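There are 2 protein chains.
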Amino acid sequence: MNDTERFEAWEKKLSAYSYAMTLHGLDGNNAPVQGRKYRESMAVILASEMFEIEHDETILPVLERLSAQDDDPVLKQRAQLRLNRMKQSLSVRKEDYEQYRKVLAESIEAWLKYKPAADWKSYAPYLQDLVQAYRALQKPRLQEGQKLYDLLLDDHEKGWDTVRYDAFFKEIRTCAVSLLEQIRTKDQIDDSFLHQYYPADKQRAFMPQILKYMGFSEEWGRISESEHPLTTPVTAGDIRFTTKYREHDVSAAILSSVHEIGHAWFGHQIDPAYEGTILARAMSAGLHESQSRLCENHLGRSTAFWQYNLPLLQEVFPAELAGITPETFCRALNRTEATLVRTQADELTYPLHIMIRYEIEKMMFSDDPDILHLDEVWNQMYHEYLGLEVPDAQSGILQDMHWPYAYFGYFPTYALGSAFAAQFNAAMRKDINVDDLLREGRTEEIFAWLKEHVQHWGAFLSTDEIIRRACGEDFSPRFWTEYITKKYTELYRL
Amino acid sequence: MNDTERFEAWEKKLSAYSYAMTLHGLDGNNAPVQGRKYRESMAVILASEMFEIEHDETILPVLERLSAQDDDPVLKQRAQLRLNRMKQSLSVRKEDYEQYRKVLAESIEAWLKYKPAADWKSYAPYLQDLVQAYRALQKPRLQEGQKLYDLLLDDHEKGWDTVRYDAFFKEIRTCAVSLLEQIRTKDQIDDSFLHQYYPADKQRAFMPQILKYMGFSEEWGRISESEHPLTTPVTAGDIRFTTKYREHDVSAAILSSVHEIGHAWFGHQIDPAYEGTILARAMSAGLHESQSRLCENHLGRSTAFWQYNLPLLQEVFPAELAGITPETFCRALNRTEATLVRTQADELTYPLHIMIRYEIEKMMFSDDPDILHLDEVWNQMYHEYLGLEVPDAQSGILQDMHWPYAYFGYFPTYALGSAFAAQFNAAMRKDINVDDLLREGRTEEIFAWLKEHVQHWGAFLSTDEIIRRACGEDFSPRFWTEYITKKYTELYRL
């Protein structure tokens, strides 16, 4: 076998293991409790088999040669991404990894126990151990002079570090805080009609309409229900996503599904030539999130979207939505109010939640972290950023699964996703009349634009490069600040 | 590592692959069509990885030593079963296997195409090729003087060959044919009330009652829907089964679920010490089927079962079932009538369907098979055994997936299952008052008896040995003939 054949056979095998691990994850959501322990032991064995293959050092020289060639740019990119990943994981020490896995399992178990009890004091020592084990694990990967948190940020969003994020968040924060201050003095929007009793079964019966409108097809995807909506792109022809019906919020399941369908389209529209390769995914977390945020906010929260869909929703809920216009409906959807829980935040306050996590993560990975007292920092920041008093740790620092599960450095990509979305949206609206298409139910042209300019690239191009090509310029947060300023100025007549 | 440790590590790894393949199968039922091709390519890679491990010849001497020791009978049995399996598959030639897989895929595709068209002439050549490839594949496994079909029968039911089956079927046939002749002259049972319109949603809402009554718990199992009901025992704590609602048969989903729950209990009640080993399954297909047939026929088709459940079903269908007594209901459930399709056959005619398949399989694997004309044999046998004219191949020889999928030698175990069930049922009724328990809804004592006498053994004991211990004597078909004669003599007042 030549280099290319060896590489392809090896990558294909890895894909088969990765596929099986995905099935483990999908099925685990549905599996009965008594089978859990055995299931996990089986997943561990399979993961360790996969680990062996992924760390087969005999493939290293092959990857190096293919990364250095210039004849086949797709193959080059595949080899480079695999090589980077392999080098990183080869630098990890086995004893550090085992210690980390042990501490991680303890942290998850403790969080599941102490979150409902709102008991930060009992949980905090587990987080302390976890951060320590994570630092030890990642330390060998650090380059000369590099800060650990910068490494973690880069893992989730290539090319981003604290310097770049600090500048980004400063612009976002200035804009959001100023708008919120102005809004505080204005009449608030009444959204009470959204919060009447909307039986889940009726909402469920309406969902096929939204799926159809968003071009989502049973031919290549499935929807089910779960507590926390999420999308699992098994492969381009098989995308699973979940939704959650809230009986006192008629828009929740719709907007959350529109968000997940944004992710789903990304998985579905990656170049089929990349199937089974490392390119068959988004280049970065922020880029993936940009597609869901674009769908949720720039499509799903627009008047044009509801000009088409509201009359249909009114057929299901004639009494509850009597006399509501698309304009009124849309105003209510975009109402802003500072709240404690990130996942329920509106578009304007959302990035402030992210900034709080970002600031706390910087502390967590500083030279001398005081993890046990982070709850006080959390509460103080919620006061400062959002003007709220946090009543307890359950709705405060314990609300999120990211830290207990060691997803450090991930949060900031949520804010980036919104900013990328605003920039893509601005570019798209230069090319096509998005509002007309939404009003007329011709969304296929929107998804065709997203495919051509963003999604089909998979991980072949960097996120920066995709933005540059799609938008004709580098990334800039001003697209978000301009969009959000215009939107809220109009909404609240500032 | 010593022998035991090597064996256990090897078997555990195999279990992890087998688990992943099970997940592939479970998930495949639900996955969208566009992902199918890639999914299959991933399953093939994983299966071939598993094949490599399963055929690692360096483990052979370990298996031989452990099979020969006498200190640990459980370990001995595990090693022996694995050794047999390995020897069998090592004797297979790679080129024969590849040819077989190719021909099998073609056969399945052709059957899916020609069954709806009722086109036997076009399908038959594929079956001919398949039988030929299968013969070539299995030939190296034959012992001196052994006939191929005897080998296939033994694969599915250890210790059974054509001599034993011929004798068995002779007794069954004599009994069934004689009863059917007598019944033909009597007044037929009116079961038309079962075939009114029973909306699937209402049936679905009643199903939790049946699950509860049968002791099935969400803690260790899940029910879903599929065209052909089946049970997948993922592991003792995780059993999946499916059902199918028929809107013009109120009993179909209930009895089919009671059947599948019989399988489910078997999977759930195997000794937990066997989890992850080759012992964590039924010793034979007939034994597994005996537990589902016992539940379906000896429990689900009994008056006592309906004395408890009919009043509850009448709450859901008060008009449709007005004035029906448990006795009337049960009589209707047990009505017998010769029909063309095996899966819809009643308890009395069912074994005749099986005998037809058995006789045809014997021809198929004879020295000089005339496969192209088997449809004529089929039609003639349906006339002879069941007095029916077969209108076309779709409801005739093409009705079953077993042959196109190369499940040769499997059919007879369906009839054995019924006969084993009758013998277990007779033994159980000596120990506990099954009818009282059914009437009072105390089914847990029934499943405890089945666990103690049949299910907890897994594949540690042979099927013959399990019957001997549970029933105090060797297997005999007279338990079925006596049971069925008594039942139908009473039902039709013969």
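Same order as they appear, the protein sequences are chains A and B. Oh and the first sequence: position 138 is 138 in my numbering, straight run, nothing missing. So my numbering is basically just the index in the second sequence, starting at one, shifted up by 494. For every residue, glycine included, the Cβ atom is placed at its ideal position computed from N, Cα and C. Nothing here was measured: the structure is a model prediction, and the numbers come from that model.
Span separating the alpha-carbon of residue i from that of residue j
i	j	result
B:L773	B:H950	10 Å
A:D154	A:W160	5 Å
A:P233	A:Y149	28 Å
A:Y19	B:E548	21 Å
A:I108	A:Q344	23 Å
B:H896	B:A612	16 Å
A:Q69	A:E5	15 Å
B:T843	B:E675	12 Å
B:F735	B:Q917	26 Å
A:M42	A:K76	35 Å
A:I484	A:A79	40 Å
A:P412	A:E260	19 Å
B:D862	B:W605	23 Å
B:N927	B:D660	35 Å
A:A426	A:G286	17 Å
A:V495	B:I683	This structure cannot settle anything about residue 495 of chain A, because the visible part of chain A is limited to 1 through 494.
A:L388	B:E938	55 Å
A:D400	A:G262	23 Å
A:A504	A:L63	As displayed, chain A neither begins before 1 nor continues past 494, which places residue 504 of chain A out of reach and without an answer.
B:A630	A:K102	52 Å
Contact list for residue i against chain A, beta-carbon separation under 8 Å
i	result
B:N524	R222
Burial state of residue i (16 or more Cβ within 10 Å)
i	result
A:H373	exposed
B:P555	exposed
B:Q697	buried
A:V258	buried
A:R301	buried
B:E651	buried
B:S542	exposed
B:A776	buried
A:Q499	Here chain A has residues from 1 to 494 only, and residue 499 of chain A is not among them.
B:Y904	buried
B:L932	buried
A:H383	exposed
B:T552	exposed
A:T185	exposed
B:R716	buried
A:P477	buried
Interface partners of residue i on chain B, CB under 9 Å
i	result
A:M509	This structure leaves residue 509 of chain A out entirely; chain A is present only between 1 and 494.
A:T235	Q528, G529, Y532, R533, M536
A:I516	Residue coverage of chain A in this structure runs from 1 to 494, which leaves residue 516 of chain A outside it and unanswerable.
A:D436	The premise fails here: A:D436 is roughly 30 Å from chain B at the closest Cβ pair, so nothing lies under 9 Å.
Residue from the options whose Cα sits closest to the Cα of residue i
i	options	result
A:Q307	A:V316, A:T328, A:L287, A:F317	A:T328
B:T516	B:P526, B:M544, B:K531	B:M544
A:G35	B:L645, B:R972, B:S711	B:S711
B:S786	B:M580, B:E558, B:L944	B:L944
B:P667	B:A627, B:G952, B:P845, B:S585	Position check: residue 667 of chain B holds Arg in this sequence, whereas Pro was assumed. Out of B:A627, B:G952, B:P845, B:S585, B:P845 has the C-alpha closest to the C-alpha of B:R667.
B:L560	B:T937, B:T656, B:F501	B:F501
A:H453	A:A253, A:D431, A:L211	A:D431
B:V884	B:M857, B:L910, B:S860, B:H847	B:H847
A:F365	A:Q138, A:K13, A:S15	A:Q138
B:E814	B:R962, B:R851, B:K856, B:S745	B:S745
B:F902	B:N524, B:L508, B:E505, B:L598	B:L598
Proximal chain B residues relative to residue i, where beta-carbon distance stays under 8 Å
i	result
A:D72	Ordered by position in chain B, no residue passes the 8 Å Cβ test against A:D72, which lies about 22 Å from the chain.
Contacts of residue i in chain B (Cβ-Cβ under 7 Å)
i	result
A:D56	The premise fails here: A:D56 is roughly 14 Å from chain B at the closest Cβ pair, so nothing lies under 7 Å.
A:D201	Here the premise fails: no neighbours, minimum Cβ distance about 11 Å.
Heavy atom of the ligand GTP within 7 Å of residue i beta-carbon
i	result
A:L152	Among the components of this structure there are no ligands whatsoever, and the ligand GTP is therefore not found.
* To do: Pull out every residue of the stretch 210-227 of chain A whose Cβ sits closer than 7 Å to any Cβ of chain B, in chain order.
  => E218, E219, W220, G221, R222
* Asked: Name the residues in the stretch 439-462 of chain A whose C-beta lies less than 7 Å from a C-beta of chain B; which are they?
  -> none
* **Interface positions of the stretch 133-164 of chain A facing chain B (Cβ-Cβ less than 7 Å), listed along the chain** => none
* Asked: For the stretch 4-29 of chain A, which residues have a beta carbon sitting closer than 8 Å to at least one beta carbon of chain B?
  -> K12, K13, S15, A16, Y17, Y19, A20, L23, H24, L26, D27
* To do: Taking only beta carbons into account, state which residues of the stretch 759-785 of chain B come closer than 8 Å to chain A, listed in chain order.
  => E769, G770
* Asked: Given a limit of 7 Å on CB to CB distance, which residues of the stretch 235-251 of chain A reach chain B?
  -> T235, G237, D238
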